[in-house]
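Comments concern the structure below.
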Amino acid sequence: MTHQHEGDDHDHDHDHAHPHAEISEGRPGYYDIMETAVRELLIEKKLIRADEIRRQIEVLDSRSPALGATVVARAWTDPAFRARLLANGRAACEELGISFYDDTSLIVIENTDKVHNLIVCTLCSCYPRPVLGLPPDWYKAKPYRARAVVEPRAVLAEFGTIIPDDVDVRVHDSTAMVRYLVLPKRPTGTEHFSEEELAALVTRDTMIGVVPATVDVARPAP
Amino acid sequence: MDGTSKSAGSPSRVVFALGEKAIFKAGDRVRVSTRSPIGHYRVPTYLRGKSGSVEKVIEPAAIDNEEESYGRNAGSKRHYYRVAFRMSEIWPDYAGSERDGLHIEIFETWLERAER
Amino acid sequence: MTPTEKLVNRLPNDVGGLPADPIQRVEHELEPWEKRCHALADVLDFHKIINTEEKRRGVEALGAEMVVKLSYYERWIVAFANILFQKGILTPTELALKMKEVESRSSEG
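Residue numbers (our numbering), protein chains in the order written: chain A, 113 to 334; chain B, 2 to 117; chain C, 31 to 139.
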């Protein structure tokens, strides 16, 4: 197996160590070796099987914000689905074939003209993985987790999102078996968009609640 | 709550297991305990002693995740509640709207009934 | 509360409301081992060998210094090792020898 770096990697929270443990030419690093050793010992002891790990990697790879975007676009175009989604997030996602392999439940919270929602996990990194895949590093790092619950408006402003005073901000801190997904507001001027075109406007960050969905989402990354 | 119910037309008296029925209901005012467990806890320090209102009972009853963290995968179950707090209740000098709020799930044993 | 009592009472991951730096919108593609580590965590939870809550407790039990200095999945794999030792599923020697074997295997060729 080769281990290559994906470009430059000064991309971590500065109070955390380098996320890439391996530094020498393709040789696995200390923690990489530890993971292999723990896994192989557990397989030798017949406590887990190699195919379970392989399958779970496929499961993880199959989950990404594109799934969540499909859910949101359906909710924007199908009022009955939207109602079911807000009543029971997990059941509505399951209708679309999205399973909850981690046995979490899902509460979908809707952004409106009066309420803006934001999700965080102050104690660890709870995140709606079945629907969005794995969270970004900043979501797991201290600054976001520490500040989202005490100064959410300042945090949102750092993402470029200014919430007017007459809009309530609601922060959802996950601690147990419930995960949260934000249903962003449908951008104006998208009345004639197809469900697929709408889904393309829904980014991961809109479903975490740090930015609104906009029609100019297709701009290239800076 | 006496832990029993009588449904219309049913002659039998249904007895619920301990902890099976939620103690609080949506709308109830609750206060988070001020205790400080060590080892593992799932109620963040910033909420200790704060008052809020139950927004929703999370069904079904579940195992206390503080016990689960020591490998107990079974045992007595109780409810988690989604509880809503005003930011200004949690942070006295909160900068933002008086209506801004925080929502979180809290296990039943952490909650006390509050007056208001 | 004295400083040492505070250290005991406040778990290193309990950061809600603490002063913190501006958010840096960083992300990285998971390394292959990091993804395997995540899959391992899920499988360990499925079998309740190490449930998710035990994993969280195991990370907190690393203590404040390691929680800050190790990366996310580094914390996970070290916590798994510690929990497996505690449960008598693995021994420290067994893991150390296996790590040597894995290392020598990967330096061949």
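Beta carbons are placed, not taken as given, at the ideal position from N, Cα and C, and that holds for glycine.
What residue from A:140, A:150, A:287 has the CA that sits closest to residue 126 of chain C's CA? A:150
Across which residues does DSSP place residue 104 of chain B in a beta bridge pair? A:284, B:85
Residues of chain E with CB closer than 9 angstroms to the CB of residue 45 of chain B, please, in chain order. The question asks about chain E, but that chain is absent: this structure's protein chains are A, B and C.
Classification of residue 42 of chain B by the beta-carbon crowding that lies within 10 angstroms, buried from 16 upward: buried
Under the assumption that residue 257 of chain A contacts residue 45 of chain C (Cβ atoms under 8 angstroms), give the Cβ distance between them as a whole number of angstroms. 5 angstroms
How about residue 109 of chain B and residue 79 of chain B: do their beta carbons lie closer than 8 angstroms? yes
Along the alpha helix (DSSP H) that carries residue 252 of chain A, what are the first and last residues, could you check? 249-252
Chain A residues whose Cβ lies nearer than 7 angstroms to that of residue 47 of chain C: 258, 261, 262
Hey, out of C:131, C:39, C:87, whose CA is closest to residue 47 of chain B's CA? C:39
Residues of chain B with CB under 7 angstroms from residue 112 of chain C, in chain order? The premise fails here: residue 112 of chain C is roughly 13 angstroms from chain B at the closest Cβ pair, so nothing lies under 7 angstroms.
Determine, for residue 322 of chain A, whether the minimum Cβ-Cβ distance to residues of chain B falls below 8 angstroms. no
Can you find the residues in the same chain that come closer than 6 angstroms, C-beta to C-beta, to residue 101 of chain B, ignoring five residues on each side of it along the sequence? 88
Apply the 10 Å Cβ neighbour rule to residue 142 of chain A and answer buried if 16 or more other Cβ atoms are within range, or exposed otherwise. exposed
At a CB-CB cut-off below 8 angstroms, which residues of chain A make contact with residue 125 of chain C? 146, 149, 150, 153
Give me the residue from B:58, B:22, B:16 with the minimum Cα distance to residue 31 of chain B. B:58
Do residue 205 of chain A and residue 232 of chain A come within 8 angstroms of each other at the CB atom, strictly closer than that value? no
Where residue 33 of chain B falls: helix, strand or coil (DSSP): strand
Which value, in whole angstroms, describes the spacing of the CA atoms of residue 48 of chain C and residue 289 of chain A? 24 angstroms
Got a sec? Which residues, its chain only, sit under 7 angstroms from residue 322 of chain A by beta carbon, not counting five neighbours each side? 230, 268, 271, 273
Assigned secondary structure, residue 257 of chain A (DSSP; H/G/I helix, E/B strand, else coil): helix
Count the other C-beta atoms from every protein chain shown that fall within 10 angstroms of the C-beta of residue 120 of chain A, then say buried if there are 16 or more, exposed otherwise. Only weak support exists for where residue 120 of chain A lies, its pLDDT of 36 falling under 50; the value from the coordinates is given anyway. The residue in question, residue 120 of chain A, is exposed, as its Cβ has fewer than 16 Cβ neighbours within 10 Å.
If you draw a straight line from the C-alpha of residue 197 of chain A to the C-alpha of residue 212 of chain A, how long is it? 15 angstroms
Just to confirm my understanding: we take residue 160 of chain A, look at its own chain, exclude 5 residues before and 5 after, and list those with CB closer than 7 angstroms. What are they? 154
When the cut-off is 8 angstroms and only beta carbons count, does residue 133 of chain A lie next to chain C? Low local confidence applies: a pLDDT of 45 at residue 133 of chain A is under 50, so the model's placement there is unreliable, and no value is given.
Under 8 angstroms, Cβ to Cβ, is there at least one residue of chain C near residue 82 of chain B? no
Helix, strand or coil: which one does DSSP assign to residue 134 of chain A? Note that residue 134 of chain A has pLDDT 45, beneath the 50 cutoff, so the model's placement of it is unreliable and no number is given.
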